[in-house]
Amino acid sequence: MVRIINYKKRVAETKEFFVLEVSGGIEMVLSKTTGMYYATSKKATITSTFDEETCKSLIGSEFPGSIVKEECEPYEYTIQDTAEIITLSHRYVYRAEELIISKVYSAPGNLSMAD
């Protein structure tokens, strides 16, 4: 499950739209520098067709899916706390849960009665 935690206004090709910021569940991660665990959660944005009022009303809503790591073209990212610029080659994206539907087919004449 993911939860809508915020929304943001974006502009592309002079058109305004809103994206929903979603968060996955809490994960415990082992720090490479301190050796201590810390709690975190993956976040991603989902483009929407909603107006701002609808986006506001959706905060806190949960729906099926998860946030997964996806490889992408390298890009520069500035760490807010330190202003250090690093190069990343991944991003986190929302993935819907896949529904698995199994169908059982039986050829005519292959029916048997239980004893």
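Each residue of the sequence shown is one higher than the last, beginning at 12 in the working numbering. In this text, a Cβ means the ideal position worked out from N, Cα and C, and glycines have one as well.
Looking only at DSSP bridge pairs, what is residue i linked to?
i: Ile-57; result: Leu-31
i: Glu-87; result: Thr-98
i: Met-39; result: Ala-50
i: Glu-82; result: His-101
i: Glu-73; result: Arg-14
Determine the extent of the beta strand (DSSP E) in which residue i is found, giving its start and end residues.
i: Ile-16; result: 13 to 23
Assuming residue i is part of the alpha helix (DSSP H), what are its boundary residues?
i: Thr-65; result: 63 to 69
Thinking C-beta only, is residue j closer than 7 Å to residue i?
i: Tyr-88; j: Lys-53; result: no
i: Ala-55; j: Ile-78; result: yes
i: Tyr-48; j: Gly-76; result: no
i: Gly-35; j: Val-13; result: yes
i: Thr-51; j: Val-40; result: yes
i: Thr-93; j: Pro-85; result: no
Answer yes or no: does any C-beta atom of chain D fall closer than 7 Å to that of residue i?
i: Lys-80; result: Any reference to chain D falls outside this structure, which holds one protein chain only.
Examine the ligand PLP and report whether any of its heavy atoms sits within less than 6 Å of the Cβ of residue i.
i: Ser-68; result: Judged by which ligands are present, the structure shown has none, so any question about the ligand PLP falls away.
Can we say the segment 58 to 69 touches the segment 15 to 32, given the rule of at least three CB pairs closer than 8 Å? Yes, the segment 58 to 69 touches the segment 15 to 32.
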